[in-house]
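Numbering (our numbering), first residue to last: 79 to 372.
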Amino acid sequence: MKKWRWFVLTGVLAVAGASPLLLSSCSTVERTVLQPPQIEGAHYLGNKACAECHANITRIFPSSPHARFYKDDLKWAATAGCESCHGPGSEHVRVGGGRGKFIVNPGKDPATCFQCHLETHAEFNLPHHHPVLERRMSCVQCHDPHGRDIRKARGGLAMARLNESCAQCHREQSRPFVFEHEALREGCTVCHIPHGSINDKLLVERDANLCLKCHAQMQSASGRMFIGKQDHSALLPVEHEQKNALLKTEGVDEQQRHDPVESCPDDPVAARRAAASRRRNRCRPIAVRGRCPG
């Protein structure tokens with residue numbers, strides 16, 4: 079009997095101890111860390127006031143991921159509605175609307191987006207980044223904050239939509255070419271990080287590691303090294319004797335692979351030609367859409 083009472087007492091004490099935690103958790107469910115934009119002299123009107131003029135936005139917005147934070151009740155206007163991103167709208171309505179008139183436009187200032195997207199803000203501070211912090215670009219050039227799929231580019235479908243977003247600025251890379259780099263079929267972000275990177279040209283990996291993500295390195299039974307479908311055996315660093323034997327099996331004399339300047343010290347023209355040939359035979363990045371990189 080005493081043992082049963084001890085179990086009951088333990089359970090009661092456990093519930094009593096946990097109740098403050100449960101209550102505090104429930105009380106913070108509706109709390110937000112968002113600091114909404116402030117507009118001097120303006121007060122909040124609620125989402126219905128915005129819908130009177132911006133019917134095109136309110137029609138598509140329910141399908142947007144941002145709609146998860148949308149509440150019609152006026153008491154939530156500052157933290158869960160249109161005005162949580164655009165600021166209180168009373169002055170905007172009073173002057174009859176208009177772009178930039180008593181309203182915050184995230185297309186002009188990314189600070190509103192960074193209130194929630196802290197990780198993205200950090201990426202823009204990396205050594206190589208798109209110039210959003212410098213105000214030469216804006217978030218809405220690539221993302222539609224009211225659309226269904228914010229992560230995809232504006233207009234178009236799937237990966238074509240994503241690439242078209244990049245093509246707005248990177249027109250040279252988006253031109254049609256005879257031989258297309260197949261990675262483009264999966265989207266520009268296979269190789270590039272759109273916000274910021276520690277690597278030059280916003281690359282996801284540095285050096286040859288990026289190429290090897292798709293162009294796997296494999297060794298044949300005979301010891302030859304293939305990267306993708308190309309034999310790279312003669313271009314990889316191997317021991318002198320092993321490399322010499324490998325070249326002879328190809329019918330190439332080792333002297334032909336030496337530094338061309340050393341091979342032709344008395345013939346500058348031949349040396350230059352040999353150097354050019356050597357540069358052409360080096361392993362170079364894969365040509366984008368058929369154009370060899372410079």
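The C-beta atom is built at its ideal place from N, Cα and C for all residues, glycine as well.
Look up ASP278 in the DSSP assignment and say whether it is helix, strand or coil. Residue state, collapsed to three classes: helix.
Where do the ends of the alpha helix (DSSP H) carrying PHE192 lie? It spans 189-192 - the alpha helix (DSSP H) in which PHE192 sits, taken as one unbroken run.
Nearest-angstrom Cβ-Cβ length linking CYS203 and GLY274, presumed shorter than 8 Å: Looking at the sequence itself, residue 203 is Asn, so the reference to Cys does not match. In this structure, ASN203 and GLY274 form a Cβ contact; the two beta carbons are roughly 7 Å apart against a cut-off of 8 Å.
Would PRO223 pass as a contact of GLY165 if the rule is Cβ separation under 8 Å? Not in contact: PRO223 and GLY165 (Cβ atoms no closer than 8 Å).
Taking 6 Å as the limit between beta carbons, can you name the residues of its chain near CYS217, skipping five residues before and five after? Within the same chain, CYS217 has close Cβ partners PRO188 and CYS191.
Skipping 5 residues on each side, what residues in its chain have a beta carbon closer than 7 Å to that of LYS179? Excluding sequence positions up to five before and after LYS179, its CB lies within less than 7 Å of the CB of HIS170 and VAL173, all in the same chain and listed in chain order.
Between the C-alpha atoms of CYS289 and LEU281, what's the straight-line distance to the nearest angstrom? Going from the Cα of CYS289 to the Cα of LEU281 covers about 11 Å.
Can you give me the Cβ contacts of GLU201 inside the same chain, cut-off strictly under 6 Å, excluding the 5 residues immediately before and after it? When the five nearest sequence neighbours on each side are left out, the beta carbons in the same chain lying within less than 6 Å of the beta carbon of GLU201 are those of HIS273 and GLY274, in order along the chain.
Cβ-based neighbour list, GLU283, same chain, cut-off 8 Å, excluding 5 preceding and 5 following: Here the set comprises ASN277 and LYS291.
Is it buried or exposed for ASN125, if we count other Cβ within 10 angstroms and need 16 for buried? By the 10 Å Cβ count, ASN125 comes out buried.
Exposed or buried, ALA236, counting other C-beta atoms within 10 Å across all chains shown (16 or more means buried)? Low per-residue confidence applies at ALA236: pLDDT is 48, beneath 50, and the placement is therefore not dependable, though the value from the model is reported in the following sentence. It counts as exposed.
Based on Cα-Cα distance, which residue from SER298, MET296, MET215 and CYS269 lies nearest to ASP285? In this structure, CYS269 is the residue among SER298, MET296, MET215 and CYS269 with its C-alpha nearest to the C-alpha of ASP285.
When burial is assigned at 16 or more other CB atoms within 10 Å of the CB, is CYS247 buried or exposed? Sixteen is the threshold: since fewer than 16 other Cβ atoms of the shown chains lie within 10 Å of the Cβ of CYS247, the residue is exposed.
DSSP on HIS224, reduced to helix/strand/coil? Note: HIS224 maps to coil in three-state DSSP.
Let me confirm a value: ILE181 is counted as buried when at least 16 other C-beta atoms fall within 10 Å, else exposed. Which label applies? Counting Cβ neighbours within 10 Å, ILE181 comes out buried, since at least 16 surround it.
Tell me the rounded alpha-carbon separation between SER168 and HIS206. The alpha-carbon atoms of SER168 and HIS206 are separated by roughly 40 Å.
Would you identify the three-state DSSP class for ILE138, choosing helix, strand or coil? Residue state for ILE138 is assigned as helix, using DSSP reduced to three classes.
Under the rule that 16 or more other beta-carbon atoms within 10 Å means buried, what is HIS208, buried or exposed? HIS208 comes out buried.
May I have the straight-line CA-CA distance separating VAL210 from HIS221, to the nearest angstrom? If you draw a straight line from the Cα of VAL210 to the Cα of HIS221, it is about 13 Å long.
Among the candidates HIS310, GLY301 and ILE305, whose CA atom is the shortest distance from the CA of GLN295? With distances taken between Cα atoms, GLN295 lies closest to ILE305.
Would you mind stating whether ILE228 and PRO143 have Cβ atoms separated by less than 8 Å? Yes, they are a contact pair.
Which one or two residues does DSSP pair with GLN308 in a beta bridge? DSSP, once it has assigned bridges, lists ILE305 as partnering GLN308.
Continuous alpha helix (DSSP H) stretch holding GLN295: start and end: That residue, GLN295, is in no alpha helix (DSSP H); its beta strand (DSSP E) goes 295-297.
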